[in-house]
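One structure is given below, encoded as structure tokens.
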Amino acid sequence: MATASRASLEQEIYLRSLTGYLVGQNLLEGYKRVAVITYPDRICSAMAAALATSYIAKGNYRDEAAAVFTYEDGKEAEVAKKVVDYKPDIVYLSFGGEQKLSYVAEITKKILSALSQAGYKGALGIHVRVWLATKQLSAVLADKKLADYLASLKEVRLFTADVPNRKFLFHKVKIEGGAAKPEKYKEVEITAEHAKLLSISLPPPE
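Now the structure itself:
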């Protein structure tokens, strides 16, 4: 893992257990069929598994309540078709564990374009590293087609972290005038341990 993180791999994976728990309990709340698109590395996969488990544990243990799909360069259209065929009402992007932020921004644009072309019209969930990598989605919204696509979706949800105040913030993101405008709908207190792990977890250097 080429990373500038001060956290060990073990800590990074455990951090995703904590974060995935809160995302599954809060960001996915109200949705009945969840698709997670994850980058196939250790940390992103841990996040995908944790959030799916958390979501399922909240009264959603039933057939096909959630599904995980892996991102693959050059096969975005195939991945998007599989996702659409699953018929989710929300798609969560789990990118950013072991990838440079510039690459996360690049693949986010690619998978959103593929989802658009595949006809996906449900809701979108965004991991905080995707939000940071795309500079608050500005890198995505610079493409008018993608801006129009995001604006057309049922809903865009996001979580961010306020580490000093030990809070996770959950937002609904409005796309207006080519800009992303987060509107907080919920906040959850996080443990001191969770905050400490967040403070030492850094993305790989460019």
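Read in the numbering used here, the sequence shown has 110 at position 97, and its numbers run on one by one without any break.
Backbone N, C-alpha and C define an ideal beta-carbon position, used for all residues, glycine too.
All figures in this text were calculated on a predicted structure; none of them were measured in a lab.
* **Residue environment, Glu206, which counts as buried when at least 16 other CB atoms sit within 10 Å** => Within the sequence shown, residue 206 is the residue found at index 193, counting from 1. Flag for Glu206 reads exposed.
* Alpha carbon to alpha carbon, how far is Asp156 from Gly135? -> Your numbering for residue 156 matches position 143 in the sequence shown. Your numbering for residue 135 matches position 122 in the sequence shown. So the two alpha carbons sit approximately 20 Å from each other.
* Tell me whether the beta-carbon of Tyr74 lies closer than 7 Å to the beta-carbon of Val97. => Here residue 74 is taken as the residue at index 61 of the sequence shown, counted from 1. Here residue 97 is taken as the residue at index 84 of the sequence shown, counted from 1. No, these two residues do not count as a Cβ contact at 7 Å.
* To do: For the stretch 64-74 and the stretch 111-130, state whether three or more C-beta atom pairs, one from each stretch, are separated by less than 8 Å.
  => no
* Close beta carbons around His184, own chain, < 8 Å, minus the five adjacent residues each side -> Residue 184 sits at position 171 when you count from the first residue of the sequence shown. Within the same chain, His184 has close Cβ partners Arg170, Leu171, Phe172, Thr173, Pro195, Glu196, Lys197 and Tyr198.
* **Spatially closest choice to Glu202 from Thr32, Ala20, Ser126 and Gln24, by CA coordinates** => What you label residue 202 is simply residue 189 of the sequence shown in a count that begins at 1. For the residues Thr32, Ala20, Ser126 and Gln24, the minimum Cα distance to Glu202 belongs to Thr32.
* To do: Within the stretch 124-193, note down every full beta strand (DSSP E) run reaching 3 residues or more, in order along the chain.
  => 136-139, 168-175 and 180-189
* Going by the CB atoms, is the gap between Ile139 and Val47 shorter than 7 Å? -> As a first step, residue 47 must be located in the sequence shown, where it is residue number 34. As a first step, residue 139 must be located in the sequence shown, where it is residue number 126. Contact: no.
* Asked: Just how far apart, CA to CA, sit Lys45 and Val81?
  -> One-based indexing of the sequence shown puts residue 45 at position 32. One-based indexing of the sequence shown puts residue 81 at position 68. Each residue's Cα considered, the two are about 15 Å apart.
* Near Ile213, which residues of its chain fall below 8 Å by C-beta distance, leaving aside the five closest residues on each side in sequence? -> Translated into positions along the sequence shown, residue 213 becomes position 200. Here the set comprises Ser18, Arg19, Ala20 and Gln24.
* C-alpha distance - Thr204 paired with Ala146, whole-angstrom precision -> Here residue 204 refers to the residue found at position 191 of the sequence shown. Here residue 146 refers to the residue found at position 133 of the sequence shown. Cα to Cα, the separation comes out at about 25 Å.
* beta strand (DSSP E) containing Tyr105: first to last residue? -> In the sequence shown, residue 105 corresponds to position 92, counting from 1. Looking at the DSSP string, the run of the beta strand (DSSP E) that includes Tyr105 is Ile103 to Ser107.
* Spatially closest choice to Leu106 from Val141, Ser115, Gln130 and Asp76, by CA coordinates -> On the sequence shown, position 93 is the one that residue 106 refers to. Leu106 has its Cα closest to that of Val141, out of Val141, Ser115, Gln130 and Asp76.
* **Among Arg29, Thr51, Ile188 and Leu211, the one whose alpha carbon lies nearest that of Arg179** => Here residue 179 is taken as the residue at index 166 of the sequence shown, counted from 1. Nearest of Arg29, Thr51, Ile188 and Leu211 to Arg179, Cα basis: Leu211.
* **Burial state of Glu77 (16 or more Cβ within 10 Å)** => Locating residue 77 in the sequence shown gives position 64, counting from the first residue. Exposed, by the Cβ-count rule.
* To do: Quick one: residues in its chain with C-beta nearer than 6 Å to the C-beta of Leu28, no 5 flanking neighbours on either side, listed in chain order?
  => Reading the sequence shown from its first residue, position 15 is the one you call residue 28. Here the set comprises Leu210 and Ser214.
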